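According to our numbering, the sequence shown is numbered sequentially starting from 4.
Where is the CB? At the ideal position from N, CA and C, for every residue including glycine.
Being a predicted model, the structure only gives us computed values, none of them experimental.
Everything below concerns the one structure shown next.
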Amino acid sequence: MKQNPVTSGKLKAAILLVLLWLAGSAAAFYWFFVSHYGVFDQQSQWRQHPLVPQQVQHMLNQYLESHSKWQAILITDSDCSCSSFAKDHLSRMQQRQPDLAIQQLSQTQAEKLGLNIIATPLLLLFQHKQLIYAGPLATDLLCSDNASVLDSIINGATLLPGFWLNGESTACRCPTP
């Protein structure tokens with residue numbers, strides 16, 4: 004049985020179109036999601052120049068509320084797609100934890116205060132104005148609630164012996180130059 008050349012050409016065009024769509028979708032998925040996923044402090048900058056809680060507290064004192072038990076300061080970069088995921092996560096978190104005070108700073112604002120920002124979004128968590136955590140908000144590709152670091156600390160599921168400088172977790176992040 005001989006195949007019609009017109010039908011054969013349409014079939015080849017349809018297959019080519021599907022293959023192009025798949026390749027484009029895979030490239031877009033990689034660009035928007037996977038390329039930003041990795042170790043939060045991939046250059047081990049915090050090992051050489053760690054954040055010192057007292058210095059950070061002093062630099063951010065104007066943003067810290069004295070009456071709040073828990074306060075989160077999220078440092079974001081508008082050019083980083085992970086920042087929008089983190090902002091959404093934090094707003095949902097505030098609905099679950101109404102006692103959590105939240106401040107957001109841009110990377111530029113934080114750097115003007117003297118903070119060394121290794122990647123964004125960077126979460127700084129304070130308990131009674133004492134810095135207890137610095138690192139990613141969640142440890143998955145989309146900064147989802149299921150992989151939240153913040154939830155587990157505030158709910159008491161993760162007990163910190165002191166300050167946790169969490170640069171070794173993998174997360175959605177954009178390293179800074």
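- Message: So, at 8 Å on beta carbons, what are the nonlocal neighbours of Thr179 in its own chain, with the 5 sequence-adjacent residues on each side left out?
- Response: Asp80, Gln110, Ile120, Ile121, Ala122 and Thr123
- Message: Please tell me whether, using a cut-off of 7 Å, the distance from the CB of Thr123 to the nearest non-hydrogen atom of the ligand SAH is below it.
- Response: Of the ligands one can find in the structure shown there are none, so the ligand SAH has no counterpart to examine.
- Message: If you reduce the DSSP assignment to three classes, tell me which class Pro178 lands in.
- Response: strand
- Beta carbon of Ala75, beta carbon of Leu103: below 8 Å? yes
- Item | Range covered by the beta strand (DSSP E) that runs through Gln107 | Leu103 to Ser109
- Thinking Ser87 and Pro139 are a contact (beta carbons under 8 Å), I'd like their distance in whole angstroms, please. Incorrect: roughly 15 Å between the Cβ atoms, too far for contact.
- Endpoints, the alpha helix (DSSP H) within which Gln74 is located: Per DSSP, Gln74 belongs to no alpha helix (DSSP H); it is in the beta strand (DSSP E), Trp73 to Thr79.
- Query: Rounded to a whole number of angstroms, what is the C-alpha to C-alpha distance between Gln46 and Leu168?
  - Reply: 14 Å
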